[in-house]
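As structure tokens, the structure follows; a few thoughts come after it.
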Amino acid sequence: MDTAMLETRGLSCTFGSNLVIADVNFTLRPGERRALIGPNGAGKTTFINLLTGRLRPWTGNVLLNGVDITDLDEARRIRLGIGRTFQITSLFPRMTVRENVFLAVAECEGIAGNLLRSVLSYGRQVARADELLHRVSLSDVGHVPAQLLPYGRQRLLEIAIALALRPKILLLDEPAAGIPTAESHIILDILATLPNEIAVLLIDHDMDLVFRFAQQISVLVQGSILVEGAPSDIAADQRVREVYLGDNKHGRPAAA
Amino acid sequence: MKIVTASPIPSLVAPFTINEVLKLLPWLAAAALPLVLPGYEPLATQVFVMILFALSLDLLVGYAGIVTLGHAGLFGVGGYTAGILSVHGFTDPIFTALCAMVLAAVTGLAFGVAILRTKGLTLLMLTMASAFLLYEIANKATSLTGGEDGLQGVSFAPVLGLFEFDFRGKTAFFYTLVALFFVFVFVRAMIHSPFGWSLRGIRENDARMVAIGCPIMRRRLIVYVISAALAGLAGALQAQSTQFVALYSLSFELSGNILIMLILGGSGRLYGAFVGVPVFMFAQDLLAKQDPANWFLGQGIVLIVMVTLAPGGVLGVAERTIDAIKQRRKA
């Protein structure tokens, strides 16, 4: 079996006196396509924030390729290859779409600290930003300030920024939220173009998207992993249906 | 969908087009000023110095999103460095100006390390505190700075050993104009560089910059040190052109005034300093003539009107007017 790429051991996190993440042991392997689902308030976003270093755990460790990164700050972890998107869109609102992506390309390629050469002289990096825009179908709005994009397209820009960082691990926090269901296949199409060795962890409430995307699913309930397994097992699991899927509200995903 | 206009993005025009040549015209016009308006050289020199100072502030306020009410502290460090060196026999203008930049940069580094970890009001208060600290040091160290009387006996050798600082202020005029031009070229290159873009990213959304792997503290510190060096240069030019250094150069009043000048012209626009400083100094002159005792009142009213009715300053208004005209033509 492959070794874990990203791993947590006994991870716990408290907000005040609330235990939001409780003793979570979790692994993500190279190339894995895993989804993390759970009811609202289960701690999914908190868990991602712990993985990226935005939040610090109360106890427990985060390991990347076997190395303890619990004490590394967020920017360092990003540079080690943990990329993410945000549930609540987080862009550079008054900068153009192209500038948004270029910022991430520049950080990734280590040119962002360069002082005197014009951005335009970095042809390769500018071309890469344009290529990323093309990949998420935003080439036509490259010159538009990000805040003026419709929400669904802002979500795509969010993904382009994450991809610009050449992540080895990609954490997607509800990438399809705000995108009309009929168009959520765009997200799947983009994810399908990712290199195989990238490990992806997807959080979403769109069960159709989750079951079409994931090879493995982890179910988080009240800060603990309730069950993990293949989509068919999860869909058939009585406990999951009780706490999460409810009364056939999302259909019977086992068929997918 | 409404027609969009991009926020101040760097010019996408390649260098040395007609556009670029046209942009040199204001500089040539400025250089021709002594021919057109003889006698105004000292005033113009002061305007150049303040533009350079405002430009250094724009790097912080307009690009990096670091609002400071203590920038005069760094200006004053530059001024006193050049002035004190000249009193002690080091009178070469360029050498003393470089020393002023270095010392201001070191001061900026020392304060920056301490204060740039904070944000918002805390940061604003700490920038003020840092300038007050420098002001009090200069005020108390009378043997070195002359205290409240100001630093006397400042005089400089000819620029490059050739051009003596004359009574009419011609040498000072060209000397500061050339310095301003070089600083402008430098700042312009910087804001169009990846570093400059990353500063705007930090201003727009610092949390997101962290999440793309940006060491934001280091970036903010670098721009703070650069800005400090340029403010120090402005201070040195002030000392060299007036042959005097007063406590005012470290004062809260100057910190506030330079911020007002920048806001008046439009921050984050590179040319805001070039518009705001002359407008402010002209208005100050006009209002002071009308009512020497109460011209602050007029200044306050102008500022309130500008900030509430014309965010983005004079250049912001100009941009919106041009956009409106363009849209009307398209329609």
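Protein chains in written order, with my numbering: chain H, 1 to 256; chain A, 1 to 331. Using N, Cα and C, we set each Cβ at its ideal position, and we do this for glycine too.
- Your pair H/Ala-129 and H/Ala-164 checks out as a contact, with CB atoms roughly 7 angstroms apart and the cut at 8 angstroms.
- Residues of chain A with a Cβ closer than 7 angstroms to the Cβ of H/Leu-165 are, in chain order, Ile-212 and Gly-213.
- For H/Thr-59, DSSP records a beta bridge to H/Ser-12.
- Between H/Ile-187 and H/Ala-176, the C-beta spacing is below 7 angstroms.
- Contact annotation: H/Ala-4 and H/Ile-217 have beta-carbon atoms that are not nearer than 7 angstroms.
- Contact holds between the region 60-71 of chain A and the region 220-227 of chain A, because three or more Cβ pairs, one in each stretch, are under 8 angstroms apart.
- When C-alpha distances from A/Ala-234 are compared across A/Gly-62, A/Pro-26, A/Thr-96 and A/Gly-146, the shortest belongs to A/Thr-96.
- Contact of H/Ala-176 with chain A by beta-carbon distance below 9 angstroms is absent, the smallest such distance being about 20 angstroms.
- Contact between A/Ser-130 and A/Gly-73 holds: CB atoms are separated by about 6 angstroms, below the 8 angstroms threshold.
- Judged by DSSP secondary structure, A/Ala-157 falls outside any beta strand (DSSP E); it is assigned neither H nor E.
- Taking a C-beta distance under 7 angstroms as the contact criterion, A/Val-223 and A/Ile-216 do not qualify as a contact pair.
- Under the 10 Å beta carbon count, A/Val-36 is surrounded by fewer than 16 other beta carbons and is classified as exposed.
- Within the region 138-205 of chain H, the runs of beta strand (DSSP E) that reach at least 3 residues and sit entirely inside it are, in chain order, 169-173 and 199-203.
- The C-beta of H/Gln-238 has fewer than 16 other C-beta atoms within 10 Å across all chains shown, which makes the residue exposed.
- Inclusion of A/Ala-310 and A/Leu-199 in the CB contact set at 7 angstroms is not warranted, their separation being larger than that value.
- 7 angstroms or more divides the Cβ of H/Gly-142 from the Cβ of H/Ile-179.
- With its beta carbon less than 7 angstroms from one in chain A, H/Glu-107 belongs to the interface.
- Nearest neighbour of A/Leu-237 by Cα position, chosen from A/Gly-83, A/Leu-59 and A/Leu-22, turns out to be A/Gly-83.
- Setting aside the 5 residues that flank it on each side, H/Ala-214 is surrounded in the same chain by Arg-33, Arg-34, Ala-35, Leu-202 and Pro-231, each with a C-beta closer than 7 angstroms to its C-beta; the list follows chain order.
- Inclusion of A/Val-154 and A/Gln-46 in the CB contact set at 7 angstroms is not warranted, their separation being larger than that value.
- A distance below 7 angstroms between beta-carbons, with the five flanking residues on each side excluded, links A/Phe-173 to the following residues of its chain, in chain order: Pro-34, Glu-41, Ala-44 and Thr-45.
- Contact annotation for A/Asn-205 against chain H: Ser-90, Leu-91, Phe-92 and Pro-93 [CB-CB distance below 8 angstroms, chain order].
- In this structure, the CA atom of H/Glu-183 is about 29 angstroms from the CA atom of A/Glu-204.
- Beta-bridge pairing by DSSP links H/Ser-218 to H/Leu-36 and H/Glu-228.
- The beta carbon of H/Gly-152 does not come within 7 angstroms of any beta carbon belonging to chain A, so the residue lies off that interface.
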